[in-house]
Amino acid sequence: MDRVLFPDWILFSGIFLFLKLFNPTRLYLNNISSLAISAVIAMFWTSGGLAPTVDFTWVITVAIFAIFSSVPYFLVGMLGGIIQQLLLLNEQSVQDKRFIEETDSIAQMSSLVFLMIALDSGAIFEPLVLIIEQSYEVNIAPGFEELYSFIIDCLSIILMLSGKYIIIMLMVSFSFALIDIYFKKASFSMFVTSDIKAIAVIIALNAWLFSDVNYVYERLIGK
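Just so we're aligned, residue 59 is where the sequence shown starts under my numbering, counting upward by one.
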């Protein structure tokens with residue numbers, strides 16, 4: 059009974075720190091939820107006699123592993139932010155601010171889609187399960203070289219995908235600049251160009267964004 063009421067507080071703090079650093083739980087769990095989950099895991103872990111002998115080194119190891127596991131989620135959010143900035147530059151070029159709220163939504167869309175894929179496949183729970191399985195050995199934290207190589211590989215994938223969106227935005231802007239010149243010479247309303255440009259950009263995003271997020275998931279989680 060004492061193990062249930064008074065679990066190891068270092069074990070509790072390590073789990074709580076993981077939940078506060080791991081990107082999906084940090085964004086979508088509040089402090090009360092994180093405290094409750096950490097307390098329940100620590101109590102059952104301790105009462106079952108499965109809890110390892112933990113110290114501050116284990117807590118630091120768990121924190122490093124949480125940051126390492128969050129890298130794919132951080133970078134997919136970066137991809138959405140790059141697309142948002144490209145759309146904002148596009149809006150400034152045509153002086154049209156009707157789609158600012160939509161661009162804010164697109165900035166979060168890639169992260170949410172990535173999170174849904176990870177949740178559906180169960181990959182989002184793997185870091186916590188790995189901590190429980192390997193708690194007796196302090197080997198879950200990656201070395202500096204491994205972490206550096208992983209981040210560089212992930213950034214290369216994001217850069218490649220971002221380059222595709224940069225190229226398509228430049229092509230759309232250049233093409234519709236020529237169309238805009240034609241409309242002005244033909245005395246048509248200039249708003250027609252901005253509407254067609256917005257439709258073209260949305261079609262491109264809908265055609266590519268979801269498949270790109272799935273591609274990033276397969277590459278990053280597979281690593």
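Even glycine gets a Cβ: it sits at the ideal position worked out from N, Cα and C.
- Going by DSSP, Asn81 is part of the alpha helix (DSSP H) stretching over Asn81 to Tyr86.
- Residue state for Asp270 is assigned as helix, using DSSP reduced to three classes.
- Between the beta-carbon of Leu77 and that of Ile95 there is about 6 angstroms, and that keeps the pair under the 8 angstroms contact cut.
- C-alpha of Glu184 to C-alpha of Tyr206: approximately 21 angstroms in a straight line.
- Secondary structure of Val112 (DSSP, three-state): coil.
- Taking Ile122 as reference, the option from Met101, Ile73 and Leu145 with the minimal CA-CA separation is Ile73.
- With a cut-off of 8 angstroms on Cβ pairs, the region 213 to 227 is in contact with the region 272 to 279, counting three or more such pairs.
- Under the three-state reduction of DSSP output, Asp178 falls in the helix class.
- If you draw a straight line from the Cα of Tyr223 to the Cα of Val98, it comes to about 45 angstroms.
- The distance from the Cβ of Ile190 to that of Val117 is about 15 angstroms, inconsistent with a contact at the 8 angstroms cut-off.
- When C-alpha distances from Met174 are compared across Ala124, Tyr86, Ala235 and Thr115, the shortest belongs to Tyr86.
- In this structure, Phe114 sits away from Val271, with a CB-CB distance that is not shorter than 7 angstroms.
- Within the same chain, Phe76, Leu79 and Phe80 come within 6 angstroms of Ala124 by CB-CB distance, once the 5 residues on both sides are set aside.
- Using a 10 angstroms sphere on the CB of Ser168, the tally of other CB atoms reaches 16 or more, which defines it as buried.
- If you draw a 10 Å sphere on the C-beta of Gln143, you find fewer than 16 other C-beta atoms in it, and that means exposed.
- Scanning Phe268, Ser269, Phe234 and Tyr273 for the CA closest to the CA of Ile257 turns up Phe234.
- Judged by beta-carbon spacing, Ile226 lies within the 7 angstroms limit of Ala262, meaning their Cβ atoms are closer than that value.
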